[in-house]
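Taking it in order: structure first as structure tokens, then the write-up.
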Amino acid sequence: MKAHEVMALFRDVPGVAGSCLMDAGGTLLIRDVPPGVADDLLLSVGRRGRAALSAVQLPMPGSDQVVLRFERLTIFNTQVGDNLLIVLGDPTTQTSVVRTATRVSAPVLSAIREPQHMTQYPGATAHPAPGRRSRRRDEVWG
Numbered sequence: 002m003k004a005h006e007v008m009a010l011f012r013d014v015p016g017v018a019g020s021c022l023m024d025a026g027g028t029l030l031i032r033d034v035p036p037g038v039a040d041d042l043l044l045s046v047g048r049r050g051r052a053a054l055s056a057v058q059l060p061m062p063g064s065d066q067v068v069l070r071f072e073r074l075t076i077f078n079t080q081v082g083d084n085l086l087i088v089l090g091d092p093t094t095q096t097s098v099v100r101t102a103t104r105v106s107a108p109v110l111s112a113i114r115e116p117q118h119m120t121q122y123p124g125a126t127a128h129p130a131p132g133r134r135s136r137r138r139d140e141v142w143g
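Per my numbering, residue 2 is the first one in the sequence shown, and the count goes up by one each step.
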């Protein structure tokens with residue numbers, strides 16, 4: 002399975018809006034998030050997620066995931082090899098399901114060393130039918 006296919010599969014997890022992968026130097030390697038989310042925002046989230054993960058690893062060596070929960074957003078930060086996987090979801094996103102998806106995808110994601118071109122996020126140019134809203138995008142980003 003290719004990296005972009007693995008990243009797109011995270012959106013199949015209920016509540017997940019998208020994900021991205023950063024290397025240890027803070028370079029965005031691959032992104033699969035709604036088009037309105039800028040790279041600099043993802044990099045900022047990644048820096049904070051890596052700092053939170055480092056803080057958790059001090060008292061609990063070997064920890065590879067930290068989950069940050071906010072009123073309208075949940076951010077899963079997981080170490081996969083030298084890379085940091087960031088999964089963005091709504092508050093109802095289940096940690097256990099994201100954790101399982103991460104473990105399954107870790108071999109592919111930890112092998113990524115160079116920025117990857119991601120196919121366009123679904124709905125980037127399409128607009129929902131009048132009166133219909135994308136539940137996933139509205140709850141997290143709206």
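Note that the Cβ used here is the ideal one computed from N, Cα and C, for glycine as well.
Original post:
Would a C-beta distance cut-off of 8 Å place Pro35 and Ala53 closer than the cut-off?
Top reply: Indexing the sequence shown from 1 puts residue 35 at position 34. Indexing the sequence shown from 1 puts residue 53 at position 52. Not a contact, by the Cβ cut-off of 8 Å.
Original post:
If we ignore side chains and look at the alpha-carbon of each, how far apart do Ala4 and Arg114 end up?
Top reply: Within the sequence shown, the letter at position 3 stands for residue 4. Within the sequence shown, the letter at position 113 stands for residue 114. Approximately 11 Å, taken between the alpha carbons.
Subject >> Cβ shell of Pro131 (< 7 Å), same chain only, five flanking positions each side left out >> reply: Here residue 131 corresponds to residue number 130 of the sequence shown, with the count starting at 1. Only weak support exists for where Pro131 lies, its pLDDT of 36 falling under 50; the coordinates are left without a value.
**OP:** Please look up how many angstroms separate the CB atoms of Phe11 and Asp40, rounded, as I've assumed it's under 8 Å.
**Re:** In the sequence shown, the residue the question calls residue 11 occupies position 10. In the sequence shown, the residue the question calls residue 40 occupies position 39. Not quite, the Cβ-Cβ distance comes to about 18 Å (not below 8 Å), so this is no contact.
**OP:** Go to Asp40, then tell me how far its alpha helix (DSSP H) extends in each direction, as first and last residue.
**Re:** Position 39 of the sequence shown holds residue 40. Per DSSP, Asp40 belongs to the alpha helix (DSSP H) from Asp40 to Gln58.
Subject >> Expected contact under 8 Å - CB spacing of Leu74 and Leu86 to nearest Å >> reply: Here the question's residue 74 lines up with position 73 in the sequence shown. Here the question's residue 86 lines up with position 85 in the sequence shown. Between Leu74 and Leu86 a beta carbon distance of about 16 Å is seen, past the 8 Å cut, so the two are scored as non-contacting.
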